[in-house]
């Protein structure tokens, strides 16, 4: 069996060029996924208020499942990238195969619980009798198709762990294109296909995700040779799951925290009126595009760190971290300047309401200043996950969001109103960004010292 697919390709070559080569496909893939979500919403909005409201209610549930899946993917990437760095080919195959077993179990649990709790769950979220039929139509199909969300997400993280971000990026783009093509055909009944309404949106997503799953599995089996075709041994499977969940569960938790925090911050914003909530929401959508590069950078950084940590090339990790931090600060500053200068025309694309616009403008002129520092926290959390230490990452997230950001936002609102509420978010970001960077540098320095000490002759 070929072993070239397991070469630790991220442990050699120019650091900057390697990271850039990994980042670009990731950015395009993430932009394609964002476009697919926007197109989905655009077409469903044409069906009327209640189908659109139904889509709104499904978002937190879908996001929760996606976060759990993403956490498992991060755990998978961490253990596989380190195994590749160590040069353990059989371990790579075992971990990849066992991670897919785990993803199937997660899917089965999701389907069983999800289908049984649609009505009580969405009633608790505030759905009324007019919206509920549309929610049921969508979620019954979506839950069945969750297999095609979880498995390719974990599979693509396994591929990225090998150092290949091009193929996962192309798979994401392919899935988005298929979904965008199928949406109007299935929703409105084009080309003689029966009009399925909101069910059509669910079926379009399911079909697109199914194709991405088969592509991911084909790459893992035929191209990367990362799947082990051997009789499964329960003790080995459990050992792999422990390693993956050790990273995956805290990672899932750290991704759910911002969602919870956002709900609390939105509640605080609501005290300024509904126009403030609308403006805050519009700014958040614009921010999603602004953060794509930072999220892409932190996503690809994990496999890079994992391979080099496994290969005991700690100095390479330290140099890469320094380069990425410098890039984040420079790009974050440039982006903040652009948004400050063009906040009005950008905001007007999404909403021109004179009551809403001032809140969006103020957000875009204040919050982007901290983008570069926020990216440092993303990078450090990704590094902690990659070296098998997920708890510091979630601890930093708790400190930033729960201990600092929410109390400071309340104080800022009380003393300085909406601008104070926004500025307070900078303070928490600055404190935790510097703290996290100093922390991870010390850990890298200590690890390097340990390796140098153990290598000395006695």
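In my numbering, the protein residues as written are 1165 to 1622. Just so you know, even glycine gets a beta-carbon here, dropped at the ideal spot from N, CA and C. Nothing here was measured: the structure is a model prediction, and the numbers come from that model.
| said: So the candidates are 1263, 1481, 1575, 1381; which of them puts its Cα closest to the Cα of residue 1241? | reply: Working through the chain shown from its first residue, we reach residue 1241 at position 77. Out of 1263, 1481, 1575, 1381, 1263 has the C-alpha closest to the C-alpha of residue 1241.
| Leaving out five residues before and five after residue 1355 in sequence, what residues of the same chain have Cβ atoms less than 8 Å from its Cβ? | Along the chain shown, one-based indexing puts residue 1355 at 191. These residues qualify, in order along the chain: 1349.
| Grouping DSSP H, G and I as helix and E and B as strand, with all else coil, what is residue 1553? | Your numbering for residue 1553 matches position 389 in the chain shown. Reduced to three states, the DSSP call for residue 1553 is coil.
| Hey, how far is the Cα of residue 1363 from the Cα of residue 1501? | As a working mapping, residue 1363 is identified with position 199 in the chain shown. As a working mapping, residue 1501 is identified with position 337 in the chain shown. Those two C-alpha atoms are separated by around 43 Å.
| request: Tell me whether the beta-carbon of residue 1298 lies closer than 8 Å to the beta-carbon of residue 1214. | output: Numbered from its first residue, the chain shown carries residue 1298 at position 134. Numbered from its first residue, the chain shown carries residue 1214 at position 50. Cβ atoms of residue 1298 and residue 1214: closer than 8 Å.
| What residue from 1606, 1482, 1303, 1488 has the CA that sits closest to residue 1222's CA? | As a first step, residue 1222 is located in the chain shown; it is residue number 58 there, counting from the start. Nearest of 1606, 1482, 1303, 1488 to residue 1222, Cα basis: 1303.
| task | Could you check the C-alpha separation between residue 1531 and residue 1504 for me, to the nearest Å? | result | For this step, residue 1531 is matched to residue 367 along the chain shown. For this step, residue 1504 is matched to residue 340 along the chain shown. For residue 1531 and residue 1504, the distance between alpha carbons rounds to 10 Å.
| Cβ of residue 1337 within 8 Å of Cβ of residue 1193? | Here residue 1337 refers to the residue found at position 173 when the chain shown is read from its first residue. Here residue 1193 refers to the residue found at position 29 when the chain shown is read from its first residue. Against a cut-off of 8 Å, the Cβ pair of residue 1193 and residue 1337 comes out as a contact.
| request: Put residue 1520 into one of helix, strand or coil per three-state DSSP. | output: As a first step, residue 1520 is located in the chain shown; it is residue number 356 there, counting from the start. Coil, per DSSP.
| Buried or exposed (CB count within 10 angstroms, at least 16 for buried), residue 1359 | As a working note, residue 1359 is residue 195 in the chain shown. With fewer than 16 other Cβ atoms within 10 Å, it is exposed.
| task | For residue 1389, name the three-state secondary structure that DSSP assigns. | result | In the chain shown, residue 1389 corresponds to position 225, counting from 1. Reduced to three states, the DSSP call for residue 1389 is coil.
| request: Name the two residues that bound the continuous alpha helix (DSSP H) containing residue 1381. | output: Residue 1381 sits at position 217 when you count from the first residue of the chain shown. Per DSSP, residue 1381 belongs to the alpha helix (DSSP H) from 1362-1382.
| query | Three-state secondary structure (DSSP) at residue 1394? | reply | As a position in the chain shown, residue 1394 is number 230, starting the count at 1. Looking at residue 1394 - three-state DSSP - the assignment turns out to be coil, as it is neither helix nor strand.
| query | Taking residue 1556 as the reference, which of 1224, 1414, 1319, 1392 has the closest Cα? | reply | In the chain shown, the residue the question calls residue 1556 occupies position 392. Of the candidates 1224, 1414, 1319, 1392, the one whose C-alpha sits nearest the C-alpha of residue 1556 is 1414.
| Measuring CB to CB, does residue 1539 end up less than 8 Å from residue 1458? | Residue numbering aside, residue 1539 sits at position 375 when the chain shown is read from its first letter. Residue numbering aside, residue 1458 sits at position 294 when the chain shown is read from its first letter. In contact: residue 1539 and residue 1458 (Cβ atoms closer than 8 Å).
| Member of 1291, 1175, 1391, 1273 whose CA lies at the smallest distance from the CA of residue 1255 | One-based indexing of the chain shown puts residue 1255 at position 91. When only C-alpha atoms are compared, the closest one is 1391.
| field | Nearest-angstrom Cα separation, counted from residue 1225 out to residue 1614 | value | Numbered from 1 along the chain shown, position 450 holds the residue referred to as residue 1614. Numbered from 1 along the chain shown, position 61 holds the residue referred to as residue 1225. Cα to Cα, residue 1614 sits roughly 45 Å from residue 1225.
| query | Since residue 1443 and residue 1346 are thought to touch, with beta carbons under 8 Å apart, how far apart are those beta carbons, to the nearest angstrom? | reply | For the purposes of this step, residue 1443 is identified with residue 279 of the chain shown, where counting begins at 1. For the purposes of this step, residue 1346 is identified with residue 182 of the chain shown, where counting begins at 1. 34 Å between Cβ atoms; not a contact.
| task | Report the option in 1259, 1370, 1288, 1291 whose CA atom is closest to the CA atom of residue 1323. | result | Here residue 1323 is taken as the residue at index 159 of the chain shown, counted from 1. Nearest of 1259, 1370, 1288, 1291 to residue 1323, Cα basis: 1259.
| task | Compare the Cα-Cα distances from residue 1230 to each of 1423, 1439, 1525, 1433 and report the closest residue. | result | To locate residue 1230, count along the chain shown from 1; it is residue 66. Out of 1423, 1439, 1525, 1433, 1423 has the C-alpha closest to the C-alpha of residue 1230.
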